[in-house]
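S.K.: Chains D and F, in that order, are what the protein sequence lines are. Numbering-wise, the first sequence is residues 224 to 546 according to our numbering. Numbering-wise, the second sequence is residues 224 to 546 according to our numbering. Glycine included, C-beta positions come from ideal geometry on N, C-alpha and C. One structure coming up, written as C-alpha cells, with questions to follow.
Protein chains: 2
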Amino acid sequence: MTPAPSASSVPSVPSVRVVAAVDIGGTLTKAALVDEGLLEVTRVSVPTPPDVAHDLGAHVSAVVDRLLVGATAAGRAVEAVGCGVVVPGLVDERAGVGLLSVNLGWRDLPIGDLVGVATGLPTVVGHDVRAGLVAETRLGAARGARHALFVPLGTGIAGALMVDGHVLTGGGWAGELGHVPVDPDGPPCPCGATGCLEVLASASAVSRAYRERTGRPAEAREVAARVEAGEPDAVAVWSVAVSALARAVLATVTITGVDLVLVGGGLAQSGETLLAPLRREIDARRTFQRPPRVVHAALGDRAGCLGAACLAWDAARSAVAVG
Amino acid sequence: MTPAPSASSVPSVPSVRVVAAVDIGGTLTKAALVDEGLLEVTRVSVPTPPDVAHDLGAHVSAVVDRLLVGATAAGRAVEAVGCGVVVPGLVDERAGVGLLSVNLGWRDLPIGDLVGVATGLPTVVGHDVRAGLVAETRLGAARGARHALFVPLGTGIAGALMVDGHVLTGGGWAGELGHVPVDPDGPPCPCGATGCLEVLASASAVSRAYRERTGRPAEAREVAARVEAGEPDAVAVWSVAVSALARAVLATVTITGVDLVLVGGGLAQSGETLLAPLRREIDARRTFQRPPRVVHAALGDRAGCLGAACLAWDAARSAVAVG
Numbered sequence: 224m225t226p227a228p229s230a231s232s233v234p235s236v237p238s239v240r241v242v243a244a245v246d247i248g249g250t251l252t253k254a255a256l257v258d259e260g261l262l263e264v265t266r267v268s269v270p271t272p273p274d275v276a277h278d279l280g281a282h283v284s285a286v287v288d289r290l291l292v293g294a295t296a297a298g299r300a301v302e303a304v305g306c307g308v309v310v311p312g313l314v315d316e317r318a319g320v321g322l323l324s325v326n327l328g329w330r331d332l333p334i335g336d337l338v339g340v341a342t343g344l345p346t347v348v349g350h351d352v353r354a355g356l357v358a359e360t361r362l363g364a365a366r367g368a369r370h371a372l373f374v375p376l377g378t379g380i381a382g383a384l385m386v387d388g389h390v391l392t393g394g395g396w397a398g399e400l401g402h403v404p405v406d407p408d409g410p411p412c413p414c415g416a417t418g419c420l421e422v423l424a425s426a427s428a429v430s431r432a433y434r435e436r437t438g439r440p441a442e443a444r445e446v447a448a449r450v451e452a453g454e455p456d457a458v459a460v461w462s463v464a465v466s467a468l469a470r471a472v473l474a475t476v477t478i479t480g481v482d483l484v485l486v487g488g489g490l491a492q493s494g495e496t497l498l499a500p501l502r503r504e505i506d507a508r509r510t511f512q513r514p515p516r517v518v519h520a521a522l523g524d525r526a527g528c529l530g531a532a533c534l535a536w537d538a539a540r541s542a543v544a545v546g
Numbered sequence: 224m225t226p227a228p229s230a231s232s233v234p235s236v237p238s239v240r241v242v243a244a245v246d247i248g249g250t251l252t253k254a255a256l257v258d259e260g261l262l263e264v265t266r267v268s269v270p271t272p273p274d275v276a277h278d279l280g281a282h283v284s285a286v287v288d289r290l291l292v293g294a295t296a297a298g299r300a301v302e303a304v305g306c307g308v309v310v311p312g313l314v315d316e317r318a319g320v321g322l323l324s325v326n327l328g329w330r331d332l333p334i335g336d337l338v339g340v341a342t343g344l345p346t347v348v349g350h351d352v353r354a355g356l357v358a359e360t361r362l363g364a365a366r367g368a369r370h371a372l373f374v375p376l377g378t379g380i381a382g383a384l385m386v387d388g389h390v391l392t393g394g395g396w397a398g399e400l401g402h403v404p405v406d407p408d409g410p411p412c413p414c415g416a417t418g419c420l421e422v423l424a425s426a427s428a429v430s431r432a433y434r435e436r437t438g439r440p441a442e443a444r445e446v447a448a449r450v451e452a453g454e455p456d457a458v459a460v461w462s463v464a465v466s467a468l469a470r471a472v473l474a475t476v477t478i479t480g481v482d483l484v485l486v487g488g489g490l491a492q493s494g495e496t497l498l499a500p501l502r503r504e505i506d507a508r509r510t511f512q513r514p515p516r517v518v519h520a521a522l523g524d525r526a527g528c529l530g531a532a533c534l535a536w537d538a539a540r541s542a543v544a545v546g
C-alpha cells in the first residue's frame, strides 16, 4: 500500500481568504470576491431575474458559484469565509430581512436565512445605499469623515446617513431622502405625497420635466449636456432639480448635523454641472448651519458591492473575535 | 499622650456616592446631587447670573457647594464622584466645549475645563436637550426605545434624536429642529431664514400669532385653554402651529427613521390639546412612513438635570472600568 502523500510534501498555492459580495439591483446583480484588504479578486455582473423574489437563495448561490469558478479559472486559490448581500428598499439589517422592495417584488423576505442556506456561507444583509456609504468611508470620498450624507440620484432617490461615525439604520427606515417634501406645489409622488425630492431631482424627474417642457425626450445626461451648452429650457429644468436637492440636503444638515455630502448616481455623472450650483444654492439658503462639503461620491456603481464586502468582512472578524 | 481614636472605633454614617448634576438655562440653573440609581439626594434651583459666561466655573462651583451643604444639613453623608453640566445652544460634548449660546452669551467656552478646575470634580459636558433625551430613555417616556425624537417646545425649539440606540451629536450640530423650514410663506426667523419651525410652533410663536391676530396678549397656555373652549381665533392659531410641527416631525421621521416622538416644553403642558391633533395631522400627511408614537415627555423640566446626572454617572463608571 502506497502511503498517501502528506500535506506538507505537496507544493500548495496558498489560498486567499475572501468574502462573496453581492449587490442585487432592479436590473443587474453585481458581485465580487473581495479579500480582507477590500481588493476584488474577481467580479461578475448578471441580470437580476424578474422573479428573483421567488428563489433568491438559488440566484445568489449561482452568482457565488460563477465567482468561484472565475477565480479558479484565473488561477487564484480562494477560500470563501462569508457572504454579504445588499438590496434596495426597506431593509432590517439586524434581522437580515428585506422588509419591502417594490422593484424586486418582495415583502418581509428572510434574505439572510435564504442565502445562508443556499450558499452554506455565514451571510449578512445590508441596504445597498447604506452599505455604499460604508464603502465610501473606507475606500472612497468619506474617508476620515465622522458625519456624512450619501445621496445617489438615479431612477429614484435613496439616502444614507453617518452621524458620529455610525451609519444610521432606524430599524431599516432611515435615509428615505427621496420622500422629504420640498415643494408643496410640486408634482405628485407615487408614494402619495406631493413635491417629494424624488419627483423633482432624480434622473427620471429631470428627464420627465425636460420632456414635459419641450416635448422632446432626453435622458438626464443629455439634459446636463444641454445645460453646459446654455440651452434655456435645460437650464430651467436643471435649476428646479438643484433647488429641490439643496432644500432636502439643508433640511438633513439641520436635523442631523452632517457636514459632508456625497452625491452619486446617474445625475451626478455631470460632475460640476450639478455640484457647483448645488453648493451655491445650499450656501444661499444656509443661515447658522455649518457649510457642508459637497463632493462627488468616489466609488460609482461599485459602492454597493464593495459595501457588501465591508459588511461581510466586519461579520467575519467579529465571528472570530467572539468564537 | 492620648492616642487618637482609630477610624474603626468611630461610628460612621456610610456615605452615598453621588454626582453633581447641573442644568444651566437662560433663566434658572437647576442642580441636584444624584445617586447611582438616579435618585435625587438633594436639589437646588438658582437664577443664572446674566454674566455667567464670564465666570462659569465660579457659578457652578457655588451651586455644587450649596448642594453639598444642603445634603449635610439634611443629615445625608455624600461623596461627590463627578459633575455633569448641561447647557443649551451648540455643544461639542466630546471636547467639553460650548460652541455657541446666544442666550448665555458665549462662544467656544471650555466648559469642561472651567468647571473641572473650579469644582475639583471630573466633569462631563452635555447639551440640555440631548441629555434630557438620555434621561427619558432611562427614567421616562423613551424607556425601551431604540429610536426617538425629543422636541421641547418652549421659547425656542431644539431637538434631540436617538437612532439605533445612539443619541446623535453631529459634533454638536445635530437636532436643530427649530430651524427646519416648514413654510416658505411663513414669518421671518431670527436665524435669517423664512418659515422655520421655531417661528411657527414654539410657545413664543403661538403667543405672538394670537396677539397679532386678535390684538390681545396671551401666553401659549392661555391660547391652549381657549382652544379647549372652542374660541375660533385660538383654534386657527393653534392649527398653524400643529401643522408646522407635524411637517417638521414627518421630515425627521423620513430622514432618520425614528418611530417615537416625545413632545415636551411649555406648549406640551396642554397635553392632548396639542398631541391629539398633532397625531391626526402626522397621520394625514404620512404615506409609506411608519406611524410614529407621539407622547408627552415624562420628565418635564427635570429632564436636563437628570440627563446631566446620567452623563456624569456614565463617565464615572467608564473611568473606573478604564482605571
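Is it buried or exposed, V292(D), if we count other Cβ atoms within 10 angstroms and call 16 or more buried?
M.R.: Here residue 292(D) refers to the residue found at position 69 when the first sequence is read from its first residue. Per the 10 Å Cβ criterion, exposed.
S.K.: Is the beta carbon of T342(D) less than 8 Å from the beta carbon of V287(D)?
M.R.: Counted from its first residue, the first sequence places residue 342(D) at position 119. Counted from its first residue, the first sequence places residue 287(D) at position 64. Closer than 8 Å, so yes.
S.K.: Quick one: residues in its chain with C-beta nearer than 8 Å to the C-beta of M224(D), no 5 flanking neighbours on either side, listed in chain order?
M.R.: Here residue 224(D) is taken as the residue at index 1 of the first sequence, counted from 1. Unreliable positioning characterises M224(D) in this predicted model, as indicated by a pLDDT of 47, which lies under 50. The coordinate reading is nonetheless provided below. No residues qualify anywhere along the chain.
S.K.: In angstroms, rounded to a whole number, what distance separates the CA positions of A526(D) and V309(D)?
M.R.: Translated into positions along the first sequence, residue 526(D) becomes position 303. Translated into positions along the first sequence, residue 309(D) becomes position 86. Answer to the nearest angstrom: the Cα atoms are 11 Å apart.
S.K.: What do you reckon, are the CB atoms on L473(D) and R502(D) nearer than 8 Å?
M.R.: Your numbering for residue 473(D) matches position 250 in the first sequence. Your numbering for residue 502(D) matches position 279 in the first sequence. It is not a contact, given that the beta carbons lie outside the stated cut-off.
S.K.: Tell me which residues share the same chain as S462(F) and place their Cβ nearer than 8 Å to its Cβ, disregarding the 5 neighbours each side in the sequence.
M.R.: The residue you call residue 462(F) lines up with position 239 of the second sequence. Closer than 8 Å at the Cβ level, and outside the excluded window around S462(F), lie P500.
S.K.: Give me the Cβ distance between R436(F) and D456(F), rounded to the nearest whole Å; I'm assuming they're in contact under 8 Å.
M.R.: Indexing the second sequence from 1 puts residue 436(F) at position 213. Indexing the second sequence from 1 puts residue 456(F) at position 233. Contact flag correct, Cβ pair sits at about 5 Å.
S.K.: Tell me which same chain residues have a C-beta within less than 7 Å of the C-beta of G328(D), skipping the five on either side of it?
M.R.: What you label residue 328(D) is simply residue 105 of the first sequence in a count that begins at 1. A276.
S.K.: Whose C-beta lies closer than 7 Å to the C-beta of G480(D) among residues of the same chain, with five residues either side of it excluded?
M.R.: Looking up residue 480(D) in the first sequence gives position 257. Result list for G480(D): H370 and V386, in chain order.
S.K.: Could you tell me the alpha carbon to alpha carbon distance between V405(D) and C419(D), rounded to whole angstroms?
M.R.: One-based indexing of the first sequence puts residue 405(D) at position 182. One-based indexing of the first sequence puts residue 419(D) at position 196. Their backbone Cα atoms lie some 6 Å apart in a straight line.
S.K.: If you run the structure through DSSP and keep just helix, strand and coil, what is P500(F)?
M.R.: Within the second sequence, numbered from 1, the residue matching residue 500(F) stands at position 277. In the structure shown, P500(F) sits in a helix (DSSP, three-state: H, G or I).
S.K.: Mind checking S229(D): buried by the 16 CB within 10 Å criterion, or exposed?
M.R.: Working through the first sequence from its first residue, we reach residue 229(D) at position 6. Caution applies to S229(D), whose pLDDT of 48 falls short of 50 and renders its modelled position unreliable; the value that the coordinates give is listed next. Answer is exposed; the Cβ neighbour count stays below 16.
S.K.: For F511(F) and A467(F), what's the separation of their Cα atoms in angstroms?
M.R.: As a position in the second sequence, residue 511(F) is number 288, starting the count at 1. As a position in the second sequence, residue 467(F) is number 244, starting the count at 1. C-alpha separation (whole angstroms): 20 Å.
S.K.: For V403(F), which beta-bridge partners are listed by DSSP?
M.R.: Residue numbering aside, residue 403(F) sits at position 180 when the second sequence is read from its first letter. Looking at the DSSP assignment, V403(F) forms no beta bridge with any residue, so it has no partner.
S.K.: List, in order along the chain, the chain D residues whose C-beta lies closer than 7 Å to that of H370(F)?
M.R.: By one-based count along the second sequence, residue 370(F) stands at place 147. Per Cβ cutoff of 7 Å: G393 and G394.
S.K.: Threshold first: 3 residues or longer. Then list the beta strand (DSSP E) segments lying entirely within the stretch 322-375 of chain D, N to C.
M.R.: Listed in chain order, they are 329-332, 346-350 and 371-375.
S.K.: Ignore the nearest five residues each way along the sequence and tell me which others in R330(F)'s own chain have a CB closer than 6 Å to its CB.
M.R.: In the second sequence, counting from the first residue as 1, residue 330(F) sits at position 107. L323, listed in sequence order.
S.K.: Closest to V584(F) by CA distance: which of G280(F), L332(F), I380(F) and L497(F) is it?
M.R.: No information on residue 584(F) is available, as it lies outside the stretch 224 to 546 that chain F covers here.
S.K.: With distance defined between alpha-carbon atoms, name the residue in A354(D), A531(D) and E442(D) nearest to T375(D).
M.R.: Here residue 375(D) refers to the residue found at position 152 of the first sequence. Residue identity check: residue 375(D) is Pro in the sequence provided, not Thr. It is A354(D).
S.K.: Identify, in the order they occur along the chain, each residue of the same chain with its Cβ nearer than 8 Å to the Cβ of E302(D), setting aside the five sequence neighbours on each side.
M.R.: If you number the first sequence from 1, residue 302(D) lands on position 79. S238, V239, R240 and V241.
S.K.: I'd like to know if T378(F) contacts chain D, where contact means its C-beta is closer than 8 Å to some C-beta of that chain.
M.R.: Numbered from its first residue, the second sequence carries residue 378(F) at position 155. For T378(F), the answer is no, since every Cβ of chain D falls outside 8 Å of its Cβ.
S.K.: A532(F) by DSSP, collapsed to three states: which one?
M.R.: Counting from 1 along the second sequence, the entry for residue 532(F) is found at position 309. DSSP places A532(F) in helix when its eight states are reduced to three.
S.K.: If we count the other Cβ atoms within 10 Å of its Cβ and call it buried at 16 or more, is G319(D) buried or exposed?
M.R.: The residue labelled residue 319(D) in the question sits at position 96 within the first sequence. That one is buried.
S.K.: Classify G312(F) as helix, strand or coil using the three-state DSSP reduction.
M.R.: As a first step, residue 312(F) is located in the second sequence; it is residue number 89 there, counting from the start. Here G312(F) sits in coil by DSSP.
S.K.: Figure out for me which residue from G305(F), N326(F), D336(F) and L522(F) has the closest Cα to the Cα of R317(F).
M.R.: Locating residue 317(F) in the second sequence gives position 94, where the first residue counts as 1. If we check each option's Cα against that of R317(F), D336(F) comes out closest.
S.K.: For C414(D), which residues in chain F fall below 8 Å Cβ to Cβ?
M.R.: Locating residue 414(D) in the first sequence gives position 191, where the first residue counts as 1. Ordered by position in chain F, the residues that pass the 8 Å Cβ test against C414(D) are T510 and F511.
S.K.: Would A297(D) be called buried (16 or more neighbouring beta carbons within 10 Å of its own) or exposed?
M.R.: Within the first sequence, residue 297(D) is the residue found at index 74, counting from 1. Classification for A297(D): exposed.
S.K.: Taking 8 Å as the CB-CB limit, is V340(D) close to chain F?
M.R.: Residue 340(D) sits at position 117 when you count from the first residue of the first sequence. With 8 Å as the cut-off, V340(D) does not count as an interface residue toward chain F.
S.K.: Within 10 angstroms of its Cβ, does S541(D) collect 16 or more other Cβ (buried), or is it exposed?
M.R.: Against the first sequence, residue 541(D) aligns to sequence position 318. Exposed: under 16 other Cβ atoms inside 10 Å.
S.K.: How long is the line joining the alpha carbons of E442(F) and S430(F), rounded to whole angstroms?
M.R.: Against the second sequence, residue 442(F) aligns to sequence position 219. Against the second sequence, residue 430(F) aligns to sequence position 207. Answer to the nearest angstrom: the Cα atoms are 5 Å apart.
S.K.: Identify the continuous alpha helix (DSSP H) that holds S268(D) and give its terminal residues.
M.R.: Residue mapping note: residue 268(D) aligns to position 45 of the first sequence, counting from 1. Per DSSP, S268(D) belongs to no alpha helix (DSSP H); it is in the beta strand (DSSP E), E263 to P270.
S.K.: Taking three-plus beta-carbon pairs below 8 Å as touching, is the stretch 520-537 of chain D in contact with the stretch 257-274 of chain D?
M.R.: As far as the Cβ criterion goes, the stretch 520-537 of chain D touches the stretch 257-274 of chain D, which means the pair count is three or higher.
S.K.: Against L400(D), what residues of chain F qualify as contacts under a CB-to-CB distance less than 7 Å, listed in chain order?
M.R.: To locate residue 400(D), count along the first sequence from 1; it is residue 177. Chain F residues near L400(D): I478.
S.K.: Under 8 Å Cβ-Cβ, which residues of chain F neighbour H350(D)?
M.R.: As a working mapping, residue 350(D) is identified with position 127 in the first sequence. Simply none; closest approach about 11 Å.
S.K.: Taking 8 Å as the CB-CB cut-off, is V357(F) touching chain D?
M.R.: Here residue 357(F) corresponds to residue number 134 of the second sequence, with the count starting at 1. Chain D, which has no Cβ nearer than 8 Å to the Cβ of V357(F), makes this no.
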